[in-house]
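Worksheet: the structure to be examined is printed underneath.
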Amino acid sequence: MKPEVNGERCMRCGACVGTCPVNTIFLKEFTLEINDDCTECGMCVKVCPIDALYMGGD
Ligand code: SF4
Ligand code: SF4
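For the sequence shown, the working numbering begins at 7 and goes up steadily by one.
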C-alpha cells in the first residue's frame with residue numbers, strides 16, 4: 007500500500023515531495039496526492055517532520 011496522509015497534521019512543507027525518488031507526491035491546494043507509481047519505499051514517511059504520513063493498509 008502506498009502511504010496515507012493525515013490531512014489534519016500535514017502542514018504542506020513539501021519535504022516528502024522533494025525526497026520521493028520517483029516524484030510521485032504532489033502538493034495540491036488543500037491536500038497531498040500520492041500517485042499509483044509509488045514504489046512503497048517509505049522515504050517520505052521517514053522524512054516527514056511531524057509524522058503526517060504513514061504506510062497505509064486496507
Ligand atoms: S513511499 Fe517512496 S515512492 Fe512512495 S510516495 Fe513515498 S517516497 Fe515516493
Ligand atoms: S513532509 Fe509531512 S508535513 Fe511536509 S508536506 Fe509531506 S506529509 Fe506534509
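Cβ atoms here follow ideal geometry from the backbone N, Cα and C, with glycine treated the same way.
Its chain contains T45, C47 and M49 as the residues whose beta carbon lies nearer than 8 Å to that of P27, once the 5 sequence neighbours on both sides are disregarded; these appear in chain order.
Between A21 and V51, the C-beta spacing is not below 8 Å.
Distance from P9 to I56 at the Cβ level is roughly 14 Å; contact not present, criterion being Cβ atoms closer than 8 Å. Beta-bridge analysis with DSSP links I31 to I40.
Remark: the shortest separation between the CB of M61 and any heavy atom of ligand 2 does not fall under 7 Å.
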